[in-house]
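Numbering (my numbering), first residue to last: 709 to 920.
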């Protein structure tokens, strides 16, 4: 059962029957859906000023559509930065399986071959939505960390950099030509602003920034 009531599944398929069937299937698992009849209409939707993925989501994307194919749309989604916060599951016919496999290697979440098992498809959708939730959480954590870093003074940045390098207070003081007491004051302020209690915790926090 869906544990993310605000999650949205974007269905992009030029076959009205497929769209309606998928919408019904998703409702049966208490998943909200937004339906689009072409790659162009979905691109227009995500191109609106201020659009941002704020809630867990995923996209069910047909490989073969009109002028803008599913693969071309996927490439544009990647360039727009919609992945990984909006994972993509391709819907494909047998002839398109090799193409879909290549798309997965390029960052798509998965593909489902038509005719697909309803339960298997929705299971993968729920897993994709969970992946989206995790990616959004990492994104929010990264933004919060950037906000904390922006609150440090230039001197506090200098002290922090040396602390994470493992230098002692005396080594930091010597390197910056300031007193040990001044280093201690700056170090305490860095810990407070970064919401950590130790140098090890600070190092781990900054490593998390590299992963975002």
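Note that the Cβ used here is the ideal one computed from N, Cα and C, for glycine as well. Since we're looking at a predicted model, the values are computed, not measured.
Those residues which DSSP pairs with residue i across a bridge
| i | result |
| --- | --- |
| residue 744 | 720 |
| residue 765 | 716 |
Proximity of residue i and residue j at Cβ, strictly below 9 Å
| i | j | result |
| --- | --- | --- |
| residue 746 | residue 774 | yes |
| residue 799 | residue 782 | no |
| residue 993 | residue 895 | This structure gives no information on residue 993, because the portion of the chain shown stretches from 709 to 920. |
| residue 744 | residue 721 | yes |
| residue 730 | residue 719 | yes |
| residue 860 | residue 901 | yes |
| residue 839 | residue 817 | yes |
| residue 864 | residue 911 | no |
| residue 870 | residue 884 | yes |
| residue 716 | residue 748 | no |
Integer-rounded CB distance, given that residue j should sit under 8 Å from residue i
| i | j | result |
| --- | --- | --- |
| residue 822 | residue 850 | About 37 Å; that fails the 8 Å criterion. |
| residue 815 | residue 791 | 6 Å |
| residue 784 | residue 751 | 6 Å |
| residue 779 | residue 803 | About 14 Å; that fails the 8 Å criterion. |
| residue 733 | residue 826 | 5 Å |
| residue 788 | residue 761 | Not a contact, Cβ separation roughly 10 Å. |
| residue 855 | residue 903 | Wrong, their Cβ atoms sit about 11 Å apart, outside the cutoff. |
| residue 862 | residue 877 | With a Cβ gap of about 19 Å, residue 862 and residue 877 do not count as contacting. |
| residue 819 | residue 828 | The pair is not a contact, with the Cβ atoms about 12 Å apart (cut-off 8 Å). |
As an exercise, report each continuous alpha helix (DSSP H) stretch of at least 4 residues that is fully enclosed by the region 767 to 835, in chain order. Within the region 767 to 835, the complete alpha helix (DSSP H) runs of at least 4 residues are 778 to 788, 805 to 813.
Does the region 793 to 811 come close enough to the region 821 to 838 that 3 or more CB-CB pairs lie under 8 Å? The region 821 to 838 is in contact with the region 793 to 811.
Inside the region 860 to 904 only - alpha helix (DSSP H) runs reaching at least 4 residues: Qualifying alpha helix (DSSP H) stretches, in chain order: 862 to 872, 877 to 884, 888 to 902.
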